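Trainee: Pasting a structure here, questions to come.
Protein chains: 2
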Amino acid sequence: MPQGVPQTVPDDGLTTRQRRQQPVLAVHTGDGKGKSTAAFGMAMRAWNAGLRVAVFQFVKSAKWRVGEESAMAALGEIHNEQGIGGPVEWHKMGQGWSWLRANADVADDHAAAARSGWDEIARRLAEEQHDFYVLDEFTYPLDWGWIDTDEVVRTLVDRPGRQHVVITGRRAPAALVDAADLVTEMRKVAHPMDAGRKGQKGIEW
Amino acid sequence: MPQGVPQTVPDDGLTTRQRRQQPVLAVHTGDGKGKSTAAFGMAMRAWNAGLRVAVFQFVKSAKWRVGEESAMAALGEIHNEQGIGGPVEWHKMGQGWSWLRANADVADDHAAAARSGWDEIARRLAEEQHDFYVLDEFTYPLDWGWIDTDEVVRTLVDRPGRQHVVITGRRAPAALVDAADLVTEMRKVAHPMDAGRKGQKGIEW
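So the protein lines, in turn, are chains A and U.
Just add 1295 to the spot in the first sequence (first one is 1) and you have our numbering.
Just add 1295 to the spot in the second sequence (first one is 1) and you have our numbering.
Below, the structure written as structure tokens:
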């Protein structure tokens, strides 16, 4: 029901259209499934709207290619070849970000790698390089103190133009939650892992 | 962290591999965002694994084409043309299901249209026509009593082969939640609608 009627109309001097054009900062947190999957679903939707999509994965191994990455890559190729949808970039911290020339200095230092990832995102936000950012599992380096949450929140709140940002992961810091326009907690009610199952291709990744 | 270690190993006489091959019945419920989006994200992943994907939308207007539908259609074309991924079908109740020859008899009767949709899904499950089903906003016709929940649960529990089913919508009936392998509640923490914003293309649809 996306075209719902707003519950309140703020006294901010903006028209509905101006308000609608505001960029969204979304956080998917909680212990349940679907945090990243919903973010990638949003990325698929953003692609369809012609937005420039960039995904930054902060934790998953670089060796481990999720199904969404392959599918988004396929959509990115459709853009490149047919001009449909938007361009897609997918970056993984794993064994070193793709934009780093020498990965050796950060490969064994996960904290440094995470900071390097955030520095690059901050640069791209300043340059308005993309329209839709997924910062997947970005709450962990914040939670672990590897990246300064206050600096991140300041940068996100002050980001120029019309750039949407979706951040996923458990234990989202309170300051980030407070700054976000849209926060969803995915709460686990039941999960097959509890019944001794392991993941399976096409379902879990 | 999909490759997690199971918390318990059930005494069901199955090997881990047999257990892993079990089809999943998932429910995304709650008042928060991301229920359908996470289901479509899972569909994208299933497509990548070569599964035959079918989406059935029970409520959204047929006039209203969500970004995910266009993106999944693009992925389906990649399958048809290049043999990559799986085939994709997308059916909407809206102004009448595509498989109905004469829509006139159900167009004005939403309860009849919903039952017709479920009857078709039950047929396809019996024939193992797809590998991955999204029953989007299917909880509403159950909640409203248009479709018998016990019959649905029985059909889902007894479905043959290895067919995954994801059901989305608020107020999932207890019997459905009990029967599901994976239940996630999307809980709203903050939403821009509350601040008087309306939806925007690429973000909300």
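Quick reminder that beta carbons are idealized off the backbone N, C-alpha and C, glycines included.
Owing to the predicted nature of the structure, the values given are computational and were not obtained by experimental measurement.
Identify the residues that DSSP records as bridge partners of Ala1408/A: which are they?
Mentor: The count along the first sequence starts at 1 and reaches residue 1408/A at position 113. Looking at the DSSP assignment, Ala1408/A forms no beta bridge with any residue, so it has no partner.
Trainee: My guess is that Met1388/U and Gln1352/U are in contact by the Cβ rule of under 8 Å, so how many angstroms apart are they, rounded?
Mentor: Numbered from its first residue, the second sequence carries residue 1388/U at position 93. Numbered from its first residue, the second sequence carries residue 1352/U at position 57. The pair is a contact, with the Cβ atoms about 6 Å apart (cut-off 8 Å).
Trainee: For a cutoff of 7 Å on Cβ pairs, would you count Asn1343/A as touching chain U?
Mentor: Numbered from 1 along the first sequence, position 48 holds the residue referred to as residue 1343/A. Yes, contact with chain U.
Trainee: Hey, which unbroken runs of the beta strand (DSSP E) at 3 residues or more fall wholly within the region 1411-1493 of chain A?
Mentor: If we require 3 residues or more, the beta strand (DSSP E) runs fully inside the region 1411-1493 of chain A come out as 1427-1431, 1459-1463, 1477-1485.
Trainee: To the nearest angstrom, how far is the alpha carbon of Asp1326/A from that of Arg1482/U?
Mentor: For this step, residue 1326/A is matched to residue 31 along the first sequence. For this step, residue 1482/U is matched to residue 187 along the second sequence. One C-alpha to the other measures close to 12 Å.
Trainee: What would DSSP say about Phe1353/A, mapped onto helix, strand or coil?
Mentor: Position 58 of the first sequence, counting from 1, holds the residue named residue 1353/A. Of the three classes helix, strand and coil, the one that applies to Phe1353/A here is coil, per DSSP.
Trainee: Roughly how many angstroms lie between the CA atoms of Thr1332/A and Thr1463/A, to the nearest whole one?
Mentor: Within the first sequence, the letter at position 37 stands for residue 1332/A. Within the first sequence, the letter at position 168 stands for residue 1463/A. Each residue's Cα considered, the two are about 10 Å apart.
Trainee: For the alpha helix (DSSP H) containing Thr1341/A, name the first residue and the last one.
Mentor: As a first step, residue 1341/A must be located in the first sequence, where it is residue number 46. As written in the sequence, residue 1341/A is Ala, which differs from the Thr given in the question. Note, Ala1341/A: alpha helix (DSSP H), 1330-1343.
Trainee: Mapping the DSSP letters down to three states, classify Leu1370/A as helix, strand or coil.
Mentor: The sequence position of residue 1370/A within the first sequence is 75, counting from 1. Residue state, collapsed to three classes: helix.
Trainee: Closer than 9 Å between beta carbons: that is the criterion. Which residues of the region 1412-1428 of chain U meet it against chain A?
Mentor: Listed by position along the chain: Asp1426, Phe1427.
Trainee: Can you pull the chain A neighbours of Lys1328/U, defined as C-beta to C-beta under 7 Å?
Mentor: To locate residue 1328/U, count along the second sequence from 1; it is residue 33. Simply Leu1477, Thr1479.
Trainee: Counting only the same chain and skipping the five closest in sequence on each side, list residues whose C-beta sits under 6 Å from that of Gly1497/U.
Mentor: Against the second sequence, residue 1497/U aligns to sequence position 202. None.
Trainee: Using a Cβ-Cβ cutoff of less than 6 Å, which residues in the same chain neighbour Val1429/A once the five nearest sequence positions on both sides are dropped?
Mentor: Taking the first residue of the first sequence as position 1, residue 1429/A is located at position 134. Cβ within range, chain order: Ala1334, Ala1338, Val1350, Val1461.
Trainee: Hey, is Glu1384/U's beta-carbon within less than 7 Å of any beta-carbon in chain A?
Mentor: Locating residue 1384/U in the second sequence gives position 89, counting from the first residue. Output row for Glu1384/U: interface = no.
Trainee: From Ser1393/A to Asp1404/A, what does the alpha carbon distance come to, in whole angstroms?
Mentor: Along the first sequence, read from residue 1 onward, the residue named residue 1393/A stands at position 98. Along the first sequence, read from residue 1 onward, the residue named residue 1404/A stands at position 109. Roughly 16 Å between the two C-alpha positions.
Trainee: Show which residues of chain A have a CB atom less than 7 Å away from the CB atom of Ser1365/U.
Mentor: As a working note, residue 1365/U is residue 70 in the second sequence. Chain A residues near Ser1365/U: Asn1343.
Trainee: By the criterion of Cβ-Cβ separation under 9 Å, what are the contact partners of Met1388/A in chain U?
Mentor: As a working mapping, residue 1388/A is identified with position 93 in the first sequence. Simply none; closest approach about 15 Å.
Trainee: Mind checking Pro1237/A: buried by the 16 CB within 10 Å criterion, or exposed?
Mentor: The first residue shown for chain A is 1296 and the last is 1500, placing residue 1237/A beyond what the model contains.
Trainee: Any idea if Gly1378/A is buried or exposed, counting beta-carbon neighbours within 10 angstroms, 16 or more meaning buried?
Mentor: What you label residue 1378/A is simply residue 83 of the first sequence in a count that begins at 1. Looking at its Cβ environment, which holds fewer than 16 other Cβ atoms inside 10 Å, Gly1378/A is exposed.
Trainee: Between which two residues does the beta strand (DSSP E) carrying Leu1320/A extend?
Mentor: Locating residue 1320/A in the first sequence gives position 25, where the first residue counts as 1. Unbroken beta strand (DSSP E) run through Leu1320/A: 1320-1324.
Trainee: Taking only the alpha-carbon atoms, compute the straight-line gap between Leu1320/U and Asp1426/U and give it to the nearest angstrom.
Mentor: By one-based count along the second sequence, residue 1320/U stands at place 25. By one-based count along the second sequence, residue 1426/U stands at place 131. Near 12 Å, if we compare the C-alpha coordinates of Asp1426/U and Leu1320/U.
Trainee: Given a cut-off of 7 Å, decide if Glu1432/A and Val1354/A are closer than it, judged by their beta-carbon atoms.
Mentor: Locating residue 1354/A in the first sequence gives position 59, where the first residue counts as 1. Locating residue 1432/A in the first sequence gives position 137, where the first residue counts as 1. Yes.
Trainee: Could you tell me how far apart the beta carbons of Val1322/A and Ala1475/A are, in whole angstroms, since I believe they sit closer than 8 Å?
Mentor: Position 27 of the first sequence, counting from 1, holds the residue named residue 1322/A. Position 180 of the first sequence, counting from 1, holds the residue named residue 1475/A. With a Cβ gap of about 4 Å, Val1322/A and Ala1475/A count as contacting.
Trainee: Whose Cβ in chain A lies nearer than 8 Å to the Cβ of Leu1370/U?
Mentor: One-based indexing of the second sequence puts residue 1370/U at position 75. Residues of chain A passing the Cβ test: Ala1366, Ala1369, Leu1370.
Trainee: Phe1433/U versus chain A: which residues are under 9 Å apart at the beta carbon?
Mentor: Here residue 1433/U is taken as the residue at index 138 of the second sequence, counted from 1. By Cβ distance, chain A contributes nothing, its closest Cβ being about 15 Å from Phe1433/U, past 9 Å.
Trainee: Quick one: what's Val1383/U bridged to in DSSP?
Mentor: If you number the second sequence from 1, residue 1383/U lands on position 88. According to DSSP, Val1383/U bridges with Val1348/U.
Trainee: Excluding sequence positions up to five away, which residues of its chain have a Cβ less than 8 Å from the Cβ of Pro1455/A?
Mentor: Residue numbering aside, residue 1455/A sits at position 160 when the first sequence is read from its first letter. Excluding positions up to five away in sequence, the list reads Leu1420, Ala1421, Glu1423.
Trainee: Would Gln1495/A be called buried (16 or more neighbouring beta carbons within 10 Å of its own) or exposed?
Mentor: Counting from 1 along the first sequence, the entry for residue 1495/A is found at position 200. Classification of Gln1495/A: buried, given that the 10 Å Cβ count is 16 or more.
Trainee: Helix, strand or coil for Ser1365/A per DSSP?
Mentor: Here residue 1365/A refers to the residue found at position 70 when the first sequence is read from its first residue. Looking at Ser1365/A - three-state DSSP - the assignment turns out to be helix.
Trainee: Any idea if Gly1362/U is buried or exposed, counting beta-carbon neighbours within 10 angstroms, 16 or more meaning buried?
Mentor: Within the second sequence, the letter at position 67 stands for residue 1362/U. Buried is the call here.
Trainee: Report yes if the C-beta distance between Ala1369/A and Ile1373/U is below 7 Å; otherwise report no.
Mentor: For the purposes of this step, residue 1369/A is taken as the residue at position 74 of the first sequence. For the purposes of this step, residue 1373/U is taken as the residue at position 78 of the second sequence. Going by C-beta atoms, Ala1369/A is nearer than 7 Å to Ile1373/U.
Trainee: Relative to the C-alpha of Glu1364/A, which residue among Asn1343/U, Arg1347/U, Ser1365/U is closest?
Mentor: Along the first sequence, one-based indexing puts residue 1364/A at 69. Comparing Cα-Cα distances from Glu1364/A to each of Asn1343/U, Arg1347/U, Ser1365/U, the minimum goes to Asn1343/U.
Trainee: Is Arg1340/A close to chain U, meaning its C-beta is less than 7 Å from at least one C-beta of that chain?
Mentor: Working through the first sequence from its first residue, we reach residue 1340/A at position 45. Answer yes: the Cβ-Cβ gap between Arg1340/A and chain U drops below 7 Å somewhere.
Trainee: Rounded to whole angstroms, what is the Cα-Cα separation between Ala1417/U and Gly1391/A?
Mentor: As a working note, residue 1417/U is residue 122 in the second sequence. As a working note, residue 1391/A is residue 96 in the first sequence. Taking the straight line joining both Cα atoms gives about 48 Å.
Trainee: Leu1502/U touches chain A at which residues, Cβ-Cβ below 8 Å?
Mentor: The displayed coordinates of chain U run from 1296 to 1500. Any statement about residue 1502/U would go beyond what the structure contains.
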